[in-house]
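>
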DNA sequence: TATCTTTGCGTAATCGATTACATTAAGATA
DNA sequence: TATCTTAATGTAATCGATTACGCAAAGATA
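Residue numbers (our numbering), protein chains in the order written: chain R, 1 to 344; chain B, 345 to 688.
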């Protein structure tokens with residue numbers, strides 16, 4: 001095992017002090033060119049590497065940030081993290097991943113661990129279960145940037161990057177209306193969560209704006225799973241009058257919806273136009289590609305990281321509180337593209 | 345901004361020294377029960393948290409590990425990371441993510457950065473481009489556990505966790521043979537990579553074992569993309585005699601294959617039985633679910649982490665070199681399940 | 001020549017925790 | 001009472017880097 005080379009080792013070799021070595025390596029102007037060159041040469045020769053841990057202890061900056069998500073094996077979160085990483089890597093930051101599975105205890109635990117590890121910032125998609133704001137306040141009190149993405153909580157001095165779920169719901173519904181659908185049902189998620197409530201509200205508003213009746217019976221709450229979508233479909237096809245379109249808050253539910261509709265002999269998009277939400281990879285790989293609302297996760301990650309960098313560069317006096325709301329993009333695919341000749 | 349509480353702050357409050365506080369907090373038996381209780385109480389009252397950075401500098405252990413993957417927004421890698429994380433989190437380790445996009449420079453860069461950050465271990469899916477073994481040797485020389493997963497390189501003292509790609513290729517092909525296919529084509533990946541070469545060899549061996557002719561014309565090299573699979577399909581359907589099955593090294597290519605076959609009026613699985621590789625989420629969401637070979641990424645991550653923990657717990661003298669080869673699981677789905685009545 | 005600047009580098013403190021070694025005081029033993 | 005244990009705590013070094021402050025030598029100025 002080769003011993004770690006420190007600035008003291010270099011200093012000893014050159015008969016100077018560690019302070020001089022440190023200054024030379026940091027391009028301090030008070031060091032003569034001769035000495036600087038000697039040091040740089042010797043450092044290279046000895047294969048010296050700066051010990052970031054020692055630096056972190058001295059400076060208080062670890063150049064690590066923590067990202068807290070429910071789980072990383074979900075395309076959406078993996079892509080947000082990719083965006084964060086892509087943006088921060090050139091600035092020398094490392095990204096530490098924490099998973100919570102949306103358990104409140106796990107969220108508190110992870111925050112605690114990240115604070116002990118002295119991260120320079122924490123990015124978080126906060127669960128609905130997390131009511132312990134005191135834990136979050138510990139972050140603020142330490143003056144460590146906390147930034148919410150995707151799912152947020154209102155807190156003074158805390159920035160957030162979210163998408164406009166209302167607009168997403170509105171756009172999806174408007175698209176269905178404009179392509180001729182009159183009786184549009186909605187697969188809603190858990191409406192105690194603001195993201196699902198907002199999508200639902202957008203749906204409702206679009207109906208009103210275009211003078212279509214809103215009927216609570218056309219709204220079916222369902223989980224974000226294929227099976228749940230299939231079950232919901234069985235309720236859907238019992239409706240009278242039968243809808244001619246569905247806006248689903250979840251792509252997975254939309255997949256289940258399509259499976260079950262086909263099994264029951266319905267044609268898509270001719271009998272039912274369908275728009276999902278999230279632009280999960282599966283939507284574009286299906287034989288019948290599914291229209292969906294893209295949440296721009298890459299941009300979300302990038303933006304989150306950018307706000308963090310701004311915050312780090314600003315003086316400590318100035319508290320930045322940015323509320324960025326990204327515009328979702330409607331992606332029209334086959335599941336909502338009726339051939340004109342088949343239009344009923 | 346609340347100041348950080350240190351053991352010195354506690355010591356001052358109690359009129360004792362930091363050494364005593366440290367010992368009390370670490371359950372050192374030479375500390376009297378009275379003092380210990382006083383310290384613990386005061387620590388709680390002042391909301392003391394151990395500074396892991398200071399500890400890391402002293403102990404040389406950061407409790408951080410680095411994971412190097414080409415990109416994290418791929419289901420496979422995201423799931424491996426999840427496995428690593430799930431296994432290491434209970435032991436107090438944090439996972440730092442690095443993406444390389446399979447660029448050699450980026451791989452070297454990331455290794456360097458992780459070493460400077462003093463991680464306790466590095467887990468890596470190494471690209472084919474990475475020929476600079478000297479960089480990897482720097483890790484070994486520092487006595488930091490390096491563990492390859494998914495894609496490895498032979499190095500003394502380095503453990504690895506991979507799957508048996510040969511067996512995966514064999515199983516997939518054998519399954520097609522046993523369900524009555526006689527003329528099985530193969531979509532191969534880049535066969536300079538051992539994972540693709542092994543899958544190909546498994547395919548070949550299965551044909552030989554079951555007395556079927558191997559024909560190089562039935563092997564089409566293609567990228568792991570839907571579009572590439574579609575292009576390859578156009579070569580495939582020009583073959584004479586026409587194959588009755590395809591084993592694809594890539595699920596995405598299989599998706600393209602199915603799309604294009606259907607577009608050309610072929611029925612699946614009746615005209616073509618199809619098995620893919622990787623068990624990408626899309627394979628189970630398709631209306632026509634795709635048979636595939638699961639690489640057990642969760643187990644791969646878990647196993648990688650376990651080997652690391654073993655290595656950390658063993659004495660420094662003992663070098664552990666484990667080569668774990670996981671067994672892939674064949675998942676039979678609709679794309680290779682012919683109805684008996686339709687069997688040709 | 002005497003004094004003042006400037007240049008270049010050394011000294012030593014600091015970040016927060018751990019720990020080998022030293023020290024003190026109380027109780028045990030002869 | 002004198003000496004020896006032993007329990008409990010203090011002292012100070014250490015991990016590796018940065019940096020305020022001090023100082024010596026060289027050149028500048030009167």
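Beta carbons are placed, not taken as given, at the ideal position from N, Cα and C, and that holds for glycine.
In this text the structure is predicted, and so the values were computed from the model without any measurement.
#1: Taking its Cβ as the centre, do 16 or more other Cβ atoms sit within 10 Å of residue 118/R, making it buried, or is it exposed?
#2: For residue 91/R, would you say it is in contact with chain B, using Cβ-to-Cβ distances shorter than 7 Å as the test?
#3: Beta-carbon separation of residue 532/B and residue 570/B under 7 Å?
#4: Compare the C-alpha of residue 149/R against each of 124/R, 130/R, 134/R and name the closest.
#5: Assign residue 124/R to one of three DSSP states: helix, strand, or coil.
#6: Tell me residue 66/R's beta-bridge partners as DSSP assigns them.
#7: Taking all protein chains shown into account, decide if residue 344/R is buried (16 or more other Cβ within 10 angstroms of its Cβ) or exposed.
#8: Taking contact to mean at least 3 C-beta pairs separated by less than 8 Å, is the region 517-533 of chain B in contact with the region 609-622 of chain B?
#9: I'd like the span of the beta strand (DSSP E) that includes residue 248/R, first residue to last.
#10: Counting only C-beta atoms, is residue 401/B closer than 7 Å to chain R at any point?
#11: In the structure shown, what three-state DSSP assignment does residue 149/R receive?
#12: Check the Cβ-Cβ distances between residue 396/B and every residue of chain R, and say whether any is below 7 Å.
#13: Between residue 342/R and residue 629/B, what straight-line distance do the alpha-carbon atoms span, to the nearest angstrom?
#14: Which one or two residues does DSSP pair with residue 667/B in a beta bridge?
#15: Hey, does residue 655/B have any beta-carbon neighbour from chain R nearer than 7 Å?
#16: Can you give me the Cβ contacts of residue 345/R inside the same chain, cut-off strictly under 7 Å, excluding the 5 residues immediately before and after it?
#17: Put residue 221/R into one of helix, strand or coil per three-state DSSP.
#18: Can you tell me whether residue 85/R is buried or exposed, with buried defined as 16 or more other CB within 10 angstroms of its CB?
#19: Please list, in chain order, all residues of the same chain as residue 153/R whose beta carbon is under 6 Å from its beta carbon, the five residues on each side excluded.
#20: Output the boundary residues of the alpha helix (DSSP H) element that contains residue 106/R.
#21: Measure from the alpha carbon of residue 582/B to the alpha carbon of each residue in 529/B, 552/B, 558/B, then state which is nearest.
#22: Could you tell me the boundaries of the beta strand (DSSP E) in which residue 237/R lies?
#23: To the nearest angstrom, how far is the alpha carbon of residue 13/R from that of residue 22/R?
#24: Does chain R have any CB closer than 7 Å to the CB of residue 438/B?
#25: Where in the region 618-651 of chain B do unbroken runs of the alpha helix (DSSP H), each at least 4 residues long, occur, reported from the N-terminal end onward?
#26: What are the residues of the region 634-652 of chain B that lie near chain R, defined by any Cβ-Cβ distance shorter than 7 Å?
#27: Could you compute how far the alpha carbon of residue 572/B sits from the alpha carbon of residue 679/B?
#28: Please work out which residues of its chain come closer than 7 Å, Cβ to Cβ, to residue 354/B, disregarding the five sequence neighbours upstream and downstream, and give them in chain order.
#29: Pairing CB atoms from the region 85-99 of chain R with CB atoms from the region 69-77 of chain R, are three or more of them under 8 Å?
#30: Since I believe residue 626/B is in contact with residue 599/B (beta carbons under 8 Å), could you give me their beta-carbon distance rounded to a whole number of angstroms?
#31: Run through DSSP, which three-state label would residue 363/B get?
#32: Please tell me whether residue 147/R and residue 134/R are closer than 7 Å, where the distance is taken between their beta carbons.
#33: Do residue 311/R and residue 145/R have their beta-carbon atoms positioned less than 7 Å apart in this structure?
#34: Check each candidate in 108/R, 92/R, 61/R, 16/R and name the one with the smallest Cα separation from residue 456/B.
#35: How long is the line joining the alpha carbons of residue 262/R and residue 299/R, rounded to whole angstroms?
#36: Using a Cβ-Cβ distance cut-off of 7 Å, determine whether residue 686/B contacts chain R.
On the basis of the data shown:
#1: buried
#2: no
#3: no
#4: 124/R
#5: strand
#6: 96/R, 122/R
#7: Because residue 344/R sits at a pLDDT of 38, beneath the cut-off of 50, its placement in the model cannot be relied upon, and the point is left open.
#8: yes
#9: 245-248
#10: yes
#11: strand
#12: yes
#13: The pLDDT assigned to residue 342/R is 43, lower than 50, so where the model puts this residue is not dependable; a value taken from the coordinates is nonetheless given after this. Taking the straight line from one Cα to the other gives about 27 Å.
#14: 504/B
#15: no
#16: There is no way to answer for residue 345/R, as the model of chain R reaches only from 1 to 344.
#17: strand
#18: buried
#19: 126
#20: 104-116
#21: 529/B
#22: From DSSP, residue 237/R is part of no beta strand (DSSP E); its letter is neither H nor E.
#23: 14 Å
#24: yes
#25: 626-629
#26: none
#27: 19 Å
#28: 365, 383, 386, 387, 390, 392
#29: yes
#30: 6 Å
#31: helix
#32: no
#33: yes
#34: 92/R
#35: 35 Å
#36: Its pLDDT being 43, under 50, residue 686/B is placed unreliably in this model, and the coordinates cannot settle the point.
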